[in-house]
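**Student:**
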Amino acid sequence: MKLNFLKHSWQKRLFKFVLIPVVVILILAIPVNRYWSPILASKVKDVVLSSSDSLYVADFSDAELHILQGKIILYNITLKPDTAVYNKKKRLHLAPNTLFELSVKRLVINHAHPFSLYFQKKLNIGQIILNEPKLKVTYQLNHTKDTVVKDHRTAWQRISKSLKSIHVGSILLNDVNLNYEDYSGNKVAISKLKELSLSANDLLIDSATQTDKSRLLYCKDIVTELNNYTGETPSGLYSYKIKHLKLSTLTSQLNIEGLALQPVKPGEFFGKTQKDRLGLLADSVQLNNFDYLNYHKYRTISASSLKMAGGKITAFTNPGKKKDTITDQVKSFPNMQLRKLSLDLRIDTVNLHRFDVVYNEFNDKSQKTGTVEFDNTSATVLNLTNNPSAVAKNNITTINIVSYFMNRGRLDAQFKFTLNDDNAPFSYKGSLGPMDLTKLNPATMPLAMVKMTSGKVKKFSFDIDANSKVFKGKIDFLYNDLKVVLLKPDTANDRLRRKTIISIFANLFVIKHNNPDDKGKLTSSYVVFKRPKDFAFWKTVWKTLLTGIKPCIGLDEKTQKATKDRIDEHNKNKAERLKNKAERQKRKAEKKKLMDAGKF
Numbered sequence: 274m275k276l277n278f279l280k281h282s283w284q285k286r287l288f289k290f291v292l293i294p295v296v297v298i299l300i301l302a303i304p305v306n307r308y309w310s311p312i313l314a315s316k317v318k319d320v321v322l323s324s325s326d327s328l329y330v331a332d333f334s335d336a337e338l339h340i341l342q343g344k345i346i347l348y349n350i351t352l353k354p355d356t357a358v359y360n361k362k363k364r365l366h367l368a369p370n371t372l373f374e375l376s377v378k379r380l381v382i383n384h385a386h387p388f389s390l391y392f393q394k395k396l397n398i399g400q401i402i403l404n405e406p407k408l409k410v411t412y413q414l415n416h417t418k419d420t421v422v423k424d425h426r427t428a429w430q431r432i433s434k435s436l437k438s439i440h441v442g443s444i445l446l447n448d449v450n451l452n453y454e455d456y457s458g459n460k461v462a463i464s465k466l467k468e469l470s471l472s473a474n475d476l477l478i479d480s481a482t483q484t485d486k487s488r489l490l491y492c493k494d495i496v497t498e499l500n501n502y503t504g505e506t507p508s509g510l511y512s513y514k515i516k517h518l519k520l521s522t523l524t525s526q527l528n529i530e531g532l533a534l535q536p537v538k539p540g541e542f543f544g545k546t547q548k549d550r551l552g553l554l555a556d557s558v559q560l561n562n563f564d565y566l567n568y569h570k571y572r573t574i575s576a577s578s579l580k581m582a583g584g585k586i587t588a589f590t591n592p593g594k595k596k597d598t599i600t601d602q603v604k605s606f607p608n609m610q611l612r613k614l615s616l617d618l619r620i621d622t623v624n625l626h627r628f629d630v631v632y633n634e635f636n637d638k639s640q641k642t643g644t645v646e647f648d649n650t651s652a653t654v655l656n657l658t659n660n661p662s663a664v665a666k667n668n669i670t671t672i673n674i675v676s677y678f679m680n681r682g683r684l685d686a687q688f689k690f691t692l693n694d695d696n697a698p699f700s701y702k703g704s705l706g707p708m709d710l711t712k713l714n715p716a717t718m719p720l721a722m723v724k725m726t727s728g729k730v731k732k733f734s735f736d737i738d739a740n741s742k743v744f745k746g747k748i749d750f751l752y753n754d755l756k757v758v759l760l761k762p763d764t765a766n767d768r769l770r771r772k773t774i775i776s777i778f779a780n781l782f783v784i785k786h787n788n789p790d791d792k793g794k795l796t797s798s799y800v801v802f803k804r805p806k807d808f809a810f811w812k813t814v815w816k817t818l819l820t821g822i823k824p825c826i827g828l829d830e831k832t833q834k835a836t837k838d839r840i841d842e843h844n845k846n847k848a849e850r851l852k853n854k855a856e857r858q859k860r861k862a863e864k865k866k867l868m869d870a871g872k873f
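Each residue of the sequence shown is one higher than the one before, starting from 274 at the first, in our numbering.
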């Protein structure tokens with residue numbers, strides 16, 4: 274039949290060389306699609322099985338292959354570990370620490386190239402999208418370092434018989450439902466994450482990338498983002514929250530916004546534990562050069578630096594600790610706590626900026642809580658580690674602090690902790706700049722039952738060497754116009770009441786109002802404080818400083834003894850006067866009684 278609509282030669286050529294092939298392709302698309310589906314299924318299963326050394330099995334119920342669009346849709350995909358293979362590897366000490374289980378109802382593959390897969394043995398995919406996948410991750414610490422395996426082949430070497438290369442431009446997992454089970458501790462820790470997204474870019478497995486250490490899991494970059502994550506610790510004493518988290522393996526950087534670790538209410542907290550109550554808030558946290566792969570495999574944290582900005586750290590000593598059940602609180606020393614961490618930690622530098630640190634302690638005598646504040650604190654921590662090889666090279670952790678004590682006087686301090694000594698040695702030194710002594714009353718009134726009515730700090734400096742048993746060092750306290758009021762508890766009115774006579778006595782005869790005195794003599798203090806077994810770290814640090822301050826203000830041991838004797842004598846005289854007064858009143862009452870009876 275003659276085709277009348279083809280009037281021109283160029284139209285004939287167009288029909289012959291363009292339209293006819295397109296029509297043929299359209300006609301063949303349906304059987305080709307059916308032909309490619311089982312081939313695709315076989316390839317995917319083979320690749321997963323070979324690249325995982327038979328540990329994982331992949332499957333899906335159906336596939337749609339659209340040749341012209343380069344699009345593949347897989348339905349009901351599952352990726353499951355073969356438990357028999359896993360248990361066998363475990364017996365041989367070759368099992369990985371982490372197992373994955375994935376199920377996705379619908380997976381879309383865009384820009385796939387099936388002809389290159391079939392003819393060139395190259396799996397080339399532009400994009401893979403998994404919407405609302407369910408991912409279960411199980412962690413168990415089977416080993417703490419890479420085990421010696423019989424198969425030293427790379428992933429590319431394992432698949433090279435079936436494929437020459439695998440390349441995926443991007444992999445997107447949106448709205449992931451993640452269930453994470455950690456069996457590494459004494460009790461299984463279960464975390465359930467929502468609002469989680471994962472993306473992997475430029476996945477390439479070939480002969481060139483098989484040894485490329487700049488890639489993680491053969492990807493150029495893997496980005497994890499998590500929003501509004503909340504949970505609680507296994508003990509139920511703390512809840513935690515993360516507003517936003519982002520991890521990039523390309524930059525090796527972990528960023529967190531809105532980190533909060535909050536304890537339950539004091540009554541509930543102290544009713545369940547003898548431990549001190551701690552809290553942490555941080556606006557931003559940044560971990561640089563974070564070795565995510567080692568953390569993922571072995572729970573080790575290794576990074577060049579950690580930066581935290583804008584936050585608050587709180588500590589409240591447990592007011593209900595029972596002395597007869599308390600073990601040695603040397604475990605509260607930072608160097609001892611670092612040694613007992615369940616994870617391997619190695620961070621070269623930690624920087625804290627704009628933090629407020631608040632310490633609270635309840636005093637049984639005053640029945641009040643005292644508060645010590647360090648405001649707008651910045652700190653640099655060097656060599657924060659418990660890694661044995663790192664400690665062998667450098668066994669000192671140094672902390673340099675700049676803060677504002679009670680939001681007034683500038684405090685510069687340095688702590689140095691020895692990391693590998695059972696006696697927990699450390700040192701601390703520093704100086705406090707000018708400030709008004711009355712600003713100390715929130716601490717001194719409840720904790721020492723002393724109210725500062727006047728006084729100016731010129732300089733306060735300390736240099737202490739310490740260990741788990743004894744704190745020794747020198748303290749200088751330079752001040753002017755110091756006057757105090759001594760207090761006693763008034764439980765009936767829930768307040769502290771002034772000890773009038775003793776306060777006058779203290780200001781007149783005991784307290785040094787100036788140091789150096791009017792003659793220019795400076796009184797320094799050399800303190801030796803033996804730590805009681807039940808004293809925790811910060812309490813001992815504070816009590817040592819307080820012990821050193823007393824001689825500087827005139828309360829040395831000799832003066833304190835003389836003061837006690839004079840106070841005892843005063844109390845004895847007062848008791849004698851009260852006794853005499855009572856006897857006079859008794860005689861007076863008897864005389865009045867006789868007079869009323871007309872017998873006097």
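Beta carbons are placed, not taken as given, at the ideal position from N, Cα and C, and that holds for glycine. Note that the structure is a prediction, hence the values are computed from the model and not measured.
#1: Looking at the structure shown, is Val730 part of a helix, part of a strand, or coil, going by DSSP?
#2: I need the straight-line Cα distance from Ala473 to Gln430, nearest angstrom please.
#3: Assess, as a yes-or-no matter, whether the segment 530-537 is touched by the segment 603-620 under the definition of 3 or more beta carbon pairs within less than 8 Å.
#4: Tell me the DSSP secondary structure of Asn667 in three-state form.
#5: Give the range of the beta strand (DSSP E) segment to which Ala336 is assigned.
#6: Taking the straight line between their C-alpha atoms, what separation do you get for Val305 and Leu390?
#7: Going by beta carbon distance, what residues of the same chain come within less than 6 Å of Asp601, once the five residues before and after it are set aside?
#8: Thinking Pro507 and Lys460 are a contact (beta carbons under 8 Å), I'd like their distance in whole angstroms, please.
#9: Once the 5 residues before and after Leu518 are set aside, which same chain residues still bring their CB inside 6 Å of it?
#10: Rounded to the nearest angstrom, how far is the Cβ of Phe688 from that of Asn633, given a contact under 8 Å?
#11: Need the endpoints of the alpha helix (DSSP H) that Thr600 sits in, please.
#12: Classify Leu867: buried if its beta carbon has 16 or more other beta carbons within 10 angstroms, exposed otherwise.
#13: For Phe392, name the three-state secondary structure that DSSP assigns.
#14: If contacts are defined as beta-carbon pairs under 8 Å, then Leu710 and Met725 qualify, I think. What distance do you get, rounded to the angstrom?
#15: Thinking C-alpha only, which one of Pro406, Ser727, Asn360, His384 is nearest Ser376?
#16: Can you check DSSP and say which residues form a bridge with Tyr752?
#17: Return the chain-ordered list of same chain residues with a C-beta closer than 6 Å to the C-beta of Leu469, the five sequence neighbours on each side being excluded.
#18: Have a look at Lys538, Asp629, Pro539, Gly544 and flag the residue whose alpha-carbon is nearest the alpha-carbon of Met581.
#19: Measure the alpha-carbon distance for Ile822 versus Gly746 and round it to whole angstroms.
#20: By DSSP, does Asn500 sit in helix, in strand, or in coil?
#21: Please go through the same chain and pick out, in chain order, the residues whose beta-carbon is closer than 7 Å to the beta-carbon of Ser334, but skip the five residues on each side of it.
#22: CA-CA distance, Ile574 and Asp621?
#23: What's the call for Asp841, buried or exposed, on a 16-neighbour Cβ count within 10 Å?
#24: Quick one: complete alpha helix (DSSP H) runs, 4+ long, within the segment 490-568?
#25: Please list, in chain order, all residues of the same chain as Ser521 whose beta carbon is under 7 Å from its beta carbon, the five residues on each side excluded.
#26: For Gly793, which option in Lys812, Leu818, Asn753, Val800 has the closest C-alpha, if you only look at C-alpha atoms?
#27: From Ala862 to Leu851, what distance separates their C-alpha atoms?
#28: How about Asn740 and Ala697: are their beta carbons less than 8 Å apart?
#29: For Ser325, which option in Phe735, Tyr359, Lys545 has the closest C-alpha, if you only look at C-alpha atoms?
#30: For Ala576 and Pro369, I'd like the C-alpha separation in whole angstroms.
#31: Using DSSP with H/G/I as helix, E/B as strand and the rest coil, what is Arg612?
#32: At what residues does the beta strand (DSSP E) containing Phe635 begin and finish?
#33: Look at Met722 and Leu769 and say whether their C-beta atoms are less than 8 Å apart.
#34: Here's a check: name, in chain order, each residue in its chain whose Cβ is nearer than 6 Å to the Cβ of Tyr453, leaving out the five neighbours to either side.
#35: On a Cα-Cα basis, can you pick out the residue from Phe543, Ile586, Ser443 that is closest to Ala385?
#36: Provide the residue(s) that pair with Tyr799 in DSSP beta bridges, ordered along the chain.
**Tutor:** So, to answer that:
#1: Taking the first residue of the sequence shown as 1, we reach residue 730 at position 457. Strand, per DSSP.
#2: Within the sequence shown, the letter at position 200 stands for residue 473. Within the sequence shown, the letter at position 157 stands for residue 430. Pairing Ala473 with Gln430, the inter-Cα distance amounts to about 22 Å.
#3: Touching, no, given that fewer than three Cβ pairs across the two stretches are closer than 8 Å.
#4: Residue 667 sits at position 394 when you count from the first residue of the sequence shown. In the structure shown, Asn667 sits in coil (DSSP, three-state: anything other than H, G, I, E or B).
#5: As a working mapping, residue 336 is identified with position 63 in the sequence shown. 335-339 is the span of the beta strand (DSSP E), which, as asked, contains Ala336.
#6: Your numbering for residue 305 matches position 32 in the sequence shown. Your numbering for residue 390 matches position 117 in the sequence shown. With a pLDDT of only 43 at Val305, under 50, the local geometry of the prediction cannot be trusted, and the value read off the model is given with reservation. Across the structure, Val305 and Leu390 are spaced so that their CA atoms are roughly 14 Å apart.
#7: On the sequence shown, residue 601 is found 328 positions in, with the first residue counted as 1. Hits under 6 Å: Lys806.
#8: Looking up residue 507 in the sequence shown gives position 234. Looking up residue 460 in the sequence shown gives position 187. Contact holds; Cβ gap of about 5 Å.
#9: As a working note, residue 518 is residue 245 in the sequence shown. Once the five neighbours on either side are set aside, the close Cβ partners of Leu518 are Leu499, Ile529.
#10: By one-based count along the sequence shown, residue 688 stands at place 415. By one-based count along the sequence shown, residue 633 stands at place 360. With 8 Å as the limit, Phe688 and Asn633 do not qualify as a contact, their Cβ atoms being about 21 Å apart.
#11: Translated into positions along the sequence shown, residue 600 becomes position 327. First-last for Thr600: undefined, no H or E at that position.
#12: Translated into positions along the sequence shown, residue 867 becomes position 594. It is exposed - the Cβ of Leu867 has fewer than 16 other Cβ atoms within 10 Å.
#13: The sequence position of residue 392 within the sequence shown is 119, counting from 1. Helix.
#14: Here residue 710 refers to the residue found at position 437 of the sequence shown. Here residue 725 refers to the residue found at position 452 of the sequence shown. Contact between Leu710 and Met725 holds: their C-beta atoms lie close to 4 Å from each other, under 8 Å.
#15: Here residue 376 corresponds to residue number 103 of the sequence shown, with the count starting at 1. Answer by Cα proximity: Pro406.
#16: Indexing the sequence shown from 1 puts residue 752 at position 479. Tyr752 pairs with Val730, Asn788.
#17: Counting from one through the sequence shown, the residue named residue 469 turns up at place 196. Beyond the five residues adjoining it in sequence on each side, Leu469 comes within less than 6 Å, by CB distance, of Val449, Leu451, Leu499 in the same chain, given in chain order.
#18: Here residue 581 refers to the residue found at position 308 when the sequence shown is read from its first residue. Measuring C-alpha to C-alpha distances from Met581 to each of Lys538, Asp629, Pro539, Gly544 identifies Asp629 as the nearest.
#19: By 1-based counting over the sequence shown, the position of residue 822 is 549. By 1-based counting over the sequence shown, the position of residue 746 is 473. Take the alpha-carbon of Ile822 and the one of Gly746: they are about 12 Å apart.
#20: Counting from one through the sequence shown, the residue named residue 500 turns up at place 227. Asn500 carries a strand assignment under DSSP once its states are collapsed to helix, strand and coil.
#21: Numbered from 1 along the sequence shown, position 61 holds the residue referred to as residue 334. Excluding sequence neighbours, Ser334 sits near Tyr348, Asn349.
#22: Position 301 of the sequence shown, counted from the first residue, corresponds to residue 574. Position 348 of the sequence shown, counted from the first residue, corresponds to residue 621. So the two alpha carbons sit approximately 11 Å from each other.
#23: Taking the first residue of the sequence shown as 1, we reach residue 841 at position 568. With fewer than 16 other CB atoms across the displayed protein chains lying within 10 angstroms of its CB, Asp841 is exposed.
#24: Runs of the alpha helix (DSSP H) inside the segment 490-568: 539-543.
#25: For this step, residue 521 is matched to residue 248 along the sequence shown. Excluding residues within five positions, the ones whose Cβ falls inside 7 Å are Asp494, Val496.
#26: The residue given as residue 793 occupies position 520 in the sequence shown. Looking at the Cα atoms, Asn753 is the closest of the given residues.
#27: To locate residue 862, count along the sequence shown from 1; it is residue 589. To locate residue 851, count along the sequence shown from 1; it is residue 578. Rounded to the nearest angstrom, the two C-alpha atoms are 16 Å apart.
#28: Taking the first residue of the sequence shown as 1, we reach residue 740 at position 467. Taking the first residue of the sequence shown as 1, we reach residue 697 at position 424. Contact flag set, yes.
#29: Taking the first residue of the sequence shown as position 1, residue 325 is located at position 52. Ranking Phe735, Tyr359, Lys545 by Cα distance to Ser325 puts Tyr359 first.
#30: In the sequence shown, the residue the question calls residue 576 occupies position 303. In the sequence shown, the residue the question calls residue 369 occupies position 96. Between Ala576 and Pro369, the C-alpha separation is close to 23 Å.
#31: Along the sequence shown, read from residue 1 onward, the residue named residue 612 stands at position 339. Here Arg612 sits in helix by DSSP.
#32: Residue numbering aside, residue 635 sits at position 362 when the sequence shown is read from its first letter. Note, Phe635: beta strand (DSSP E), 617-636.
#33: For the purposes of this step, residue 722 is taken as the residue at position 449 of the sequence shown. For the purposes of this step, residue 769 is taken as the residue at position 496 of the sequence shown. Yes.
#34: Counted from its first residue, the sequence shown places residue 453 at position 180. Excluding sequence neighbours, Tyr453 sits near Val410, Ser464.
#35: Here residue 385 corresponds to residue number 112 of the sequence shown, with the count starting at 1. Taking only the C-alpha atoms, the option nearest Ala385 is Ser443.
#36: Taking the first residue of the sequence shown as 1, we reach residue 799 at position 526. In DSSP, Tyr799 forms a bridge with Lys747.
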